[in-house]
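Under our numbering, the letters of the sequence shown match residues 1 to 108, in that order.
Note that the Cβ used here is the ideal one computed from N, Cα and C, for glycine as well.
Quick notes on the structure that follows.
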Amino acid sequence: MPYGMIPVLVAELMYAIACVTLGTQKGAPLWLSWPNDLWGRMLHGARPAEVAPRPDYARIARLERELGMVAEQPEKPMRASKVCLVKDCDTYEVRTLSGQLATRIHQH
Numbered sequence: 001m002p003y004g005m006i007p008v009l010v011a012e013l014m015y016a017i018a019c020v021t022l023g024t025q026k027g028a029p030l031w032l033s034w035p036n037d038l039w040g041r042m043l044h045g046a047r048p049a050e051v052a053p054r055p056d057y058a059r060i061a062r063l064e065r066e067l068g069m070v071a072e073q074p075e076k077p078m079r080a081s082k083v084c085l086v087k088d089c090d091t092y093e094v095r096t097l098s099g100q101l102a103t104r105i106h107q108h
């Protein structure tokens, strides 16, 4: 190693020590803090800020209906195509706790 390189290596070592000790402090000048920022991005990845999950509006509406928090909607009448022509058949209605019709089950 040429003897002219020793002062350059000493200067680089002193700069590295200054970056480690002074560059990690809050409000450090950019010429001291840029290595820490660069290493932080390389090690931890430059990720975009996390976006808050969107509310599930369909689930909220269903829960509000089940809890009776919304105005009652009129029940849909049974369609003529769903009427059974077999004698003594039963149609059961499944209702929520609030009494709203959820589905109808047809059995022979």
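| query | Between Ser-98 and Met-42, what straight-line distance do the alpha-carbon atoms span, to the nearest angstrom? | reply | For the purposes of this step, residue 98 is taken as residue 98 along the sequence shown, with counting starting at 1. For the purposes of this step, residue 42 is taken as residue 42 along the sequence shown, with counting starting at 1. The alpha-carbon atoms of Ser-98 and Met-42 are separated by roughly 56 Å.
| field | Whole-angstrom distance between Glu-50 and Ala-16, CA atom to CA atom | value | Here residue 16 is taken as the residue at index 16 of the sequence shown, counted from 1. Here residue 50 is taken as the residue at index 50 of the sequence shown, counted from 1. Roughly 33 Å between the two C-alpha positions.
Tell me Val-94's beta-bridge partners as DSSP assigns them.
On the sequence shown, residue 94 is found 94 positions in, with the first residue counted as 1. Bridge partners of Val-94: Thr-103.
Review point. Would you report the Cα separation of His-44 and Leu-38, rounded to the nearest angstrom?
Key: Stepping through the sequence shown from its first residue, residue 44 is reached at position 44. Stepping through the sequence shown from its first residue, residue 38 is reached at position 38. Near 10 Å, if we compare the C-alpha coordinates of Leu-38 and His-44.
- Does the beta-carbon distance from Asn-36 to Gly-27 come in below 9 Å? As a working mapping, residue 36 is identified with position 36 in the sequence shown. As a working mapping, residue 27 is identified with position 27 in the sequence shown. No. Outside cutoff.
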